[in-house]
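Novice: Please find one structure pasted underneath; my questions will follow.
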Amino acid sequence: MSSMFSPLAIPASAGIGLRSPHIAEMLTRRPSAGWLEVHAENYMGDGAGVEALEKLRGIYPLSVHGVGLSLGSARGLDRDHLERLRKVCERFQPDLVSEHLAWSVADGAYLNDLLPLRYDEEALAIVARNVETVQETLKRQVLIENLSAYVAFADSSMTEAEFLAELVVRTGCGLLLDVNNVHVSAHNLQYDAKAFIDALPAEAIGEIHLAGHATNHVGADTVLIDDHGSRVPPVVWALYQHAIDRLGPRPTLIEWDTDVPILDVLLGEAMWADMLTASIMFNRKQAIRREQTTKTRATPIHLSVQSETTTGMPVLAAFAAARCARPCMSAALVSIEEEYHAAA
Ligand SMILES: [Fe+2]
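In this text, residue positions in the sequence shown follow this note's numbering: the first is 725, and each later residue adds one.
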């Protein structure tokens, strides 16, 4: 496989989803953005959009995100669709390729939604076989994304997180952690969002998605809808903070698909993601420094008999031993010793 693009590894910083209203502006302005992500299905043909992406691919690292493979289909994958995806990857040489843990095709009919699976051994065998087929065809690892769900199968024998963790073990795939999807599903299906993130294998998570969602009121209940049509809300930023605190920096995408705003709004959301990650990592370093300082301070000071007999004063022996054990002992302690001598 030859490449017309120089390799641009995806950085562990924030990128934006490339949407058609922004393509011309991206080409002329070339704003600072960590990387771009496109939907594979939008670039399976030819046309102006494809030519523009070829130009942008020379400027920005690229991730290709599929929405139509239907990895949960028991009858196997649509080979024509997989071949189209292979050609997209061959053409644009993306740094990351991802798809969803979902099914969306039945008897050749493509449904307009990504539907959840029953999480059990039978479904795991089907998805693992399909993921292996994709990885063998593309000759690369793919990342599998957790779903936003509104219903679930009552007879699942494992959680979605356990299912994804086992899928990683069986296929060697990576994971795309959509933090907004976790929040939406956790709210709708009543489970602990942080526990979901904690149950995933950290080393397998190669990308994170952030997005907004809509809130629908149904009687006394609320149903969250994963519409990707607004800014990342505070509750999702808080969950992202939990994820980064556990995982460390990861390539993070701002997803926005409906009511797409001006480009600067997307770039601003990406900037917030980078700032939050930098803040978390700074605080972590500070905490490690504090811990090391506390450990150093806790080091016991051993007074030697020699010191004690030389000075004849236990407190001065303590000063002497302390300075010996801690060359960087503060000047304040030294001045206390000098004052003590002066007073004596
Ligand atoms: Fe997503």
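C-beta atoms are modelled at their ideal positions from N, C-alpha and C, and glycine is treated no differently.
Return helix, strand or coil for Asp988, following the three-state DSSP convention.
Specialist: Three-state DSSP puts Asp988 in a helix.
Novice: Could you give the distance in angstroms between the alpha-carbon of Pro975 and the alpha-carbon of Ile932?
Specialist: Rounded to whole angstroms, Pro975 to Ile932 spans 6 Å at the Cα level.
Novice: Terminal residues of the continuous beta strand (DSSP E) containing Leu751?
Specialist: Per DSSP, Leu751 belongs to no beta strand (DSSP E); it is in the alpha helix (DSSP H), 747-753.
Novice: My guess is that Ala748 and Ala994 are in contact by the Cβ rule of under 8 Å, so how many angstroms apart are they, rounded?
Specialist: Wrong, their Cβ atoms sit about 19 Å apart, outside the cutoff.
Novice: Who are the Cβ neighbours of Asn940 in its own chain at under 8 Å, not counting the five residues just before and after it?
Specialist: The residues are Thr946, Val947, Leu948, Ile949.
Novice: By the three-class DSSP mapping on this structure, what secondary structure does Asp879 have?
Specialist: In the three-state reduction of the DSSP assignment, Asp879 falls in the coil class.
Novice: To which residues of the same chain is Ser954 closer than 6 Å at the C-beta, ignoring the five residues directly before and after it?
Specialist: Gly936
Novice: Taking only three categories from DSSP, how would you classify Asp951?
Specialist: coil
Novice: Please report the straight-line C-alpha distance between Tyr843 and Ser881, rounded to a whole angstrom.
Specialist: 6 Å
Novice: Return helix, strand or coil for Thr1034, following the three-state DSSP convention.
Specialist: Low local confidence applies: a pLDDT of 43 at Thr1034 is under 50, so the model's placement there is unreliable, and no value is given.
Novice: Could you work out which residue in Tyr784, Thr1018, Gln859 is closest to Leu793 when comparing CA atoms only?
Specialist: Gln859
Novice: May I ask you to list the residues that DSSP assigns as paired with Ile1012?
Specialist: The partner list for Ile1012 (beta bridge, DSSP) is empty, contrary to what the question assumes.
Novice: Have a look at Asp981 and Val774 and give me their C-alpha separation to the nearest angstrom.
Specialist: 19 Å
Novice: Which whole-angstrom value describes the C-beta separation of Ile968 and Thr1001, a residue pair presumed to lie in contact below a C-beta threshold of 8 Å?
Specialist: 5 Å
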